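Some notes on the structure that comes next.
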Amino acid sequence: MLFRRRKERTRQRVRAAALAGFTALDRRFPAAALGRQLLRKAFPDHWSYLLGELALYSLVVLVLTGCYLVLFFDPSMVETVYSGAYAPLRGQRMTQAYASTLDISFDVRGGLLIRQVHHWAALVFVAAIGAHMLRIFFTGAFRRPRELNWAVGVTLFLLALLEGFCGYSLPDDLLSGTGLRTANTIVMSIPVVGTYLSFLVWRGSFPGTAVIPRLYVVHVMFVPGVLLALVALHLFLVVYLKHTQWSGRGRTNRNVVGQPMFPQFTMKSTGLALMVSGALVVLGAVAQVNPVWAYGPYRADLVATGSQPDWYVGFLEGALRVMPPWQNAVAGHTLMWNVLLPAVVLPGLLFMILYTYPVFEKWVTGDRTEHHLCDRPRDRPTRTGLGVAAVVCYGLLLLAGGNDVIAYSFRLSVDGLTRVLRALVLLGPMVAFWVTKRLCLALQARDRRRLTEGEEDGQVEQSVYGGLGEGHQALAPEESYRLMVRETPAPLPAPEGPAPRRARLRTALSSWYYRDRVEMPVTPEQRDQIAGRLAAPAVEPAEPATETEGT
10 MLFRRRKERT RQRVRAAALA GFTALDRRFP AAALGRQLLR KAFPDHWSYL LGELALYSLV
70 VLVLTGCYLV LFFDPSMVET VYSGAYAPLR GQRMTQAYAS TLDISFDVRG GLLIRQVHHW
130 AALVFVAAIG AHMLRIFFTG AFRRPRELNW AVGVTLFLLA LLEGFCGYSL PDDLLSGTGL
190 RTANTIVMSI PVVGTYLSFL VWRGSFPGTA VIPRLYVVHV MFVPGVLLAL VALHLFLVVY
250 LKHTQWSGRG RTNRNVVGQP MFPQFTMKST GLALMVSGAL VVLGAVAQVN PVWAYGPYRA
310 DLVATGSQPD WYVGFLEGAL RVMPPWQNAV AGHTLMWNVL LPAVVLPGLL FMILYTYPVF
370 EKWVTGDRTE HHLCDRPRDR PTRTGLGVAA VVCYGLLLLA GGNDVIAYSF RLSVDGLTRV
430 LRALVLLGPM VAFWVTKRLC LALQARDRRR LTEGEEDGQV EQSVYGGLGE GHQALAPEES
490 YRLMVRETPA PLPAPEGPAP RRARLRTALS SWYYRDRVEM PVTPEQRDQI AGRLAAPAVE
550 PAEPATETEG T
């Protein structure tokens, strides 16, 4: 009885202290109002919105495993003689970076598991960001008011690639050293300043003695700090601007329908975090990745046979391999077009397009309104075709990055395979764009037929004349709403009379984007209702200031 009373008194004191602390915080910061608003925030329940959370939880696993690995890794490039547990490499000279990686793998308890979990988490992190960006692109979730958040996401993707390359290069094994040699060649291909940049980064001739320590600082300090700051900004913008949502009954361009953050979304998100962590641990335990002991220490006079980078930079390797050997000298400087174009110009052009595409599409459509409903990819055939063409081009370049392995495995000519891949990289995206656009229009025609004829019910009907046909039933109201409530901009009207070239270009691009479409069978009344549901949120006017007595 005495212990029960003491326990109750302790509980009351803790409760009173927590209440007093919260009251003091709420008087200085709107904790109660913000907390109530955050906990009641509506989150969409569609599976595609979880792709961003996959990236977030992979980043959490990356940070936790990285904090463990940093305790044992030595980024020094000072040479030493290995005397660790891995017998095949004992007595060989290697850098401290490679030796400490071997020690983590074979001498630190749980080190190999954590190393592999870290590597798998990095692969999943980049893949989840890429898939999340594709979802945003194909559904038009980058449009106003989310252009800034799109730019933040593109920057996160760029930093993830840089972080992955730095981490991939740290062990200083033969495979990562081959990648660093390629990076050195790319830097040196930049006209005029390339050799100076190479000398600055590597602090001398390749391989130098400073690149691993510098990559280590970038990998564990600079890039993670910027990444975490941008992730916080990205999440803040998501909460402030609200999520986009798929069209459906009760969902308009002026509301957000979904499950509240607590308890529904919190429980689902916690379960997903545990599933992602568990899957990464299982992958780290049973699926070998980056076995640095099999490659051996890096030596400048050796190149690993069948060297393949991680998938997210494999497209650069493929671009280098399919590029013809074009070089020429101008004013005493050698221009290495075979390296400059695929490894410097191509990625620069890629990210420039990613950053500027929302502005470009806004300019083409002339649209300045807010958008909170997702587009179905079939309703924007040109945008969807461009996205699929980019994915096909990436896939072909990634395939070209392993042309030597493919040729060896299937006993093909490397030169012949390279020529075929070179042609596919040029023609494949164009074919993919045309096929995708035709499929989108065919799916639109199918939606129109479903609205006019209804859904097939699986029964066969016979007319009075003996003809056989399939039975149909009317679509459910929810399905009809989803098919009819869609945003399909019309092409901009052609300018009257003489117009500047910029206006004519804009009109031509707008026509190319939106002239091919299938109109849905809607009545004038339904068209007005659809326009009302797609109308942008009204901007509330600011309340006029009022004077009070005594002023």
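So the sequence shown is residues 10 to 560, counted in our numbering.
For each residue, glycine too, the CB sits at the ideal point set by N, CA and C.
Note that the coordinates shown come from a computational prediction; the quantities given were computed from them, not determined experimentally.
- Endpoints, alpha helix (DSSP H) assigned at Ala-512: 510-523 is the extent of the alpha helix (DSSP H) around Ala-512.
- Whole beta strand (DSSP E) elements within the region 25-99, 3-residue minimum: You should have 88-90.
- Task: Could you check what DSSP says for Ala-409 in three-state terms: helix, strand or coil?
- Result: Three-state DSSP puts Ala-409 in a helix.
- Message: What does DSSP give as the partner residue(s) for Gln-254 in the beta ladder?
- Response: Leu-382.
- For Gln-101, the nearest candidate out of Glu-88, Leu-246, Asp-112 (CA to CA): Distances from the alpha-carbon of Gln-101 to those of Glu-88, Leu-246, Asp-112 put Glu-88 closest.
- Task: Give the single residue among Glu-479, Gly-437, Leu-242 whose Cα lies nearest to the Cα of Gly-394.
- Result: For Gly-394, the nearest C-alpha among the options comes from Gly-437.
- Task: Return the first residue and the last residue of the alpha helix (DSSP H) that Asp-112 is part of.
- Result: Under the DSSP assignment, Asp-112 falls in the alpha helix (DSSP H) whose first and last residues are 105-115.
- Excluding the five sequence neighbours on either side, which residues of its own chain have a C-beta within less than 8 angstroms of the C-beta of Val-353, listed in chain order? Setting aside the 5 residues that flank it on each side, Val-353 is surrounded in the same chain by Ile-195, Ser-198, Ile-199, each with a C-beta closer than 8 angstroms to its C-beta; the list follows chain order.
- Unbroken alpha helix (DSSP H) run spanning Thr-148, endpoints: It spans 120-148 - the alpha helix (DSSP H) in which Thr-148 sits, taken as one unbroken run.
- Message: Can you check which of these residues, Val-201, Val-401, Leu-518, is closest to Gly-341 by C-alpha distance?
- Response: The shortest Cα separation from Gly-341 among Val-201, Val-401, Leu-518 belongs to Val-201.
- Message: Considering Cα atoms alone, identify which of Asp-376, Leu-60, Leu-484 is closest to Met-142.
- Response: Distances from the alpha-carbon of Met-142 to those of Asp-376, Leu-60, Leu-484 put Leu-60 closest.
- Task: Hey, could you find the ends of the beta strand (DSSP E) Ala-296 is sitting in?
- Result: According to the DSSP assignment, Ala-296 belongs to no beta strand (DSSP E), since it is labelled neither H nor E.
- Query: Looking only at its own chain, which residues have a Cβ that is under 7 angstroms from the Cβ of Ala-545, when we skip the five neighbours before and after it?
  - Reply: Cβ neighbours of Ala-545 beyond the five flanking positions: Asn-262, Thr-378, Glu-379.
- Item | Own chain partners of His-127 with C-beta closer than 7 angstroms, once the 5 adjacent residues on each side are dropped | Here the set comprises Leu-71, Thr-74, Gly-75, Leu-78.
- Task: Along the alpha helix (DSSP H) that carries Met-439, what are the first and last residues, could you check?
- Result: For Met-439, the enclosing alpha helix (DSSP H) covers residues 423-462.
- Query: Over what stretch of residues does the beta strand (DSSP E) that includes Val-339 continue unbroken?
  - Reply: For Val-339, the uninterrupted beta strand (DSSP E) segment begins and ends at 336-339.
- By Cβ distance below 7 angstroms, which residues in the same chain neighbour Ile-569 in space, the five residues on each side in sequence not counted? Lying before the first or after the last residue shown, residue 569 is absent from the chain, which here runs from 10 to 560.
- Query: What do you reckon, are the CB atoms on Leu-484 and Gly-463 nearer than 8 angstroms?
  - Reply: One thing to note: Leu-484 has its Cβ within 8 angstroms of the Cβ of Gly-463.
- Item | Residues bridged to Asp-182 [DSSP beta-bridge criterion] | DSSP, once it has assigned bridges, lists Pro-306 as partnering Asp-182.
- Out of Lys-251, Thr-374, Arg-153, point me to the one whose CA is closest to Trp-521's CA. It is Thr-374 whose Cα lies nearest to the Cα of Trp-521.
- Message: The beta strand (DSSP E) that contains Thr-343, what's its start and end?
- Response: For Thr-343, the enclosing beta strand (DSSP E) covers residues 342-345.
- Item | First through last residue of the alpha helix (DSSP H) which encompasses Gly-323 | DSSP places Gly-323 in the uninterrupted alpha helix (DSSP H) bounded by 320-331.
- Item | One or two residues paired with Gln-535 in a DSSP bridge | DSSP output for Gln-535 lists no bridge partner at all.
- Task: Report the residue from Arg-510, Arg-15, Leu-63 whose alpha carbon sits nearest the alpha carbon of Val-285.
- Result: Selected option, being the one with the closest Cα: Leu-63.
- Report all residues from its chain with a CB closer than 6 angstroms to the CB of Gly-265; omit the five preceding and five following residues, and keep chain order. This sequence places Val at residue 265; Gly is not what is there. Scanning its chain for C-beta atoms nearer than 6 angstroms, with the 5 sequence neighbours on each side dropped, one finds around Val-265 the residues Ala-51, Lys-251, in chain order.
- Message: Judging by CA-CA distance, which residue of Gly-404, Gly-396, Leu-349 is the nearest neighbour of Val-444?
- Response: Considering only alpha carbons, the answer is Gly-396.
- Task: For the alpha helix (DSSP H) containing Gly-217, list its first residue and its last residue.
- Result: Looking at the DSSP string, Gly-217 is not in any alpha helix (DSSP H), and its letter there is neither H nor E.
- Query: Candidates Gly-139, Val-226, Gly-119, Ser-114: which alpha carbon is nearest Val-400's?
  - Reply: Comparing Cα-Cα distances from Val-400 to each of Gly-139, Val-226, Gly-119, Ser-114, the minimum goes to Gly-139.
- Exposure of Glu-479, with buried meaning 16 or more beta-carbon neighbours within 10 Å: It counts as exposed.
- Test item: CB-CB of Pro-390 and Cys-449 under 8 angstroms: Judged by their CB atoms, Pro-390 and Cys-449 are nearer to each other than the 8 angstroms cut-off.
- Query: Should Asn-412 and Leu-426 be called a contact, given that it needs their Cβ atoms to be closer than 8 angstroms?
  - Reply: With contacts defined as CB atoms closer than 8 angstroms, Asn-412 and Leu-426 qualify as a contacting pair.
- Based on the DSSP secondary-structure assignment, which residues constitute the bridge partners of Pro-390? For Pro-390, which the question treats as bridged, DSSP gives no partner whatsoever.
- Item | Range of the contiguous alpha helix (DSSP H) that encloses Leu-477 | Counting along the chain, Leu-477 falls outside any alpha helix (DSSP H), though it belongs to the beta strand (DSSP E) covering 477-482.
- Message: Pull the bridge partners of Glu-487 from the DSSP assignment, please.
- Response: Paired residues: none, contrary to the question.
- Would you kindly report the start and end of the unbroken alpha helix (DSSP H) that includes Gly-203? Unbroken alpha helix (DSSP H) run through Gly-203: 203-211.
- Item | Contacting residues, own chain, Cβ-Cβ under 8 angstroms from Phe-442 (five flanking each side not counted) | Counting only Cβ-Cβ distances below 8 angstroms, and skipping sequence neighbours, we find Gly-394, Leu-395, Val-397, Ala-398.
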